[in-house]
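Have a look at the structure below before the remarks.
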Amino acid sequence: MEQARRWVERLVARYNVEHLHSSIPFVTSDDRQRGRDGALLAARRAFYLRARRRTPLRWTGQTRDGIPSAP
Numbered sequence: 002m003e004q005a006r007r008w009v010e011r012l013v014a015r016y017n018v019e020h021l022h023s024s025i026p027f028v029t030s031d032d033r034q035r036g037r038d039g040a041l042l043a044a045r046r047a048f049y050l051r052a053r054r055r056t057p058l059r060w061t062g063q064t065r066d067g068i069p070s071a072p
């Protein structure tokens, strides 16, 4: 029973703290619940926009979280 509890605890921790959820724009549940998702998404958007300006031919479509191809 104790082994099963440890397994479930590790699974839940990984799911909440490490797993990037597609339904909440690829952030963790923990990031969303603690209010860190806004800063993470803003930093990601800035990163993608800089990358697109440097190499525009590489960025022909949207990114995973819907950032369009045109700046």
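Just so we're aligned, residue 2 is where the sequence shown starts under this note's numbering, counting upward by one.
Glycine residues also receive a C-beta, built at the ideal position from the N, C-alpha and C atoms.
Membership of Gly-39 in the alpha helix (DSSP H) is indicated by the continuous run 38–55.
Looking at the DSSP output, His-20 bridges to nothing. For Arg-11, the enclosing alpha helix (DSSP H) has its first and last residue at 3–14. Per DSSP, Arg-59 lies in no alpha helix (DSSP H) and is assigned neither H nor E. Arg-7 sits exposed, since fewer than 16 C-beta atoms from the chains shown fall within 10 Å of its C-beta.
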